[in-house]
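Chemist: After the structure tokens below, expect a handful of questions from me.
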Amino acid sequence: MGTRLKMSTSHHPQTDGQSERTIQTLEDMLRACVLEDGGSWGDHLHLIEFAYNNSYHASIRMAPYEALYG
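Read the sequence shown against this note's numbering and you will find it ends at 108, with the numbers running on by one and no gaps.
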């Protein structure tokens, strides 16, 4: 899938909060798919990745895909 591990500054609340919020959002999306369609998280991961990256994010005022590719 091409993921990269990026370490944040230790004990930096703002960075920790941003990461935690993103993780919570992804977990909520995955949980909803599993409850609706069954299967495991891995079965739905590509769909969730697509949905998340193409959804509007107020913090950047666009979708992450749009921010990356224009």
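Where is the CB? At the ideal position from N, CA and C, for every residue including glycine.
Just reading off the alpha helix (DSSP H) that I86 is part of, what are its end residues?
Modeler: W79 to N91 is the extent of the alpha helix (DSSP H) around I86.
Chemist: Give me the residue from L68, R59, K44 and D54 with the minimum Cα distance to A89.
Modeler: Looking at the Cα atoms, L68 is the closest of the given residues.
Chemist: Leaving out five residues on either side along the sequence, give the residues of the same chain with a beta carbon under 7 Å from the beta carbon of L64.
Modeler: If we look at L64 and ignore the five residues flanking it on each side, its Cβ neighbours are I86 and Y90.
Chemist: Can you round the beta-carbon distance between S93 and A101 to whole angstroms, since I take them to be within the 8 Å contact cut?
Modeler: That pair is a contact at about 6 Å.
Chemist: I'd like the list of long-range same chain contacts for H84, defined as Cβ closer than 7 Å, with 5 residues on each side in sequence excluded.
Modeler: Closer than 7 Å at the Cβ level, and outside the excluded window around H84, lies no residue.
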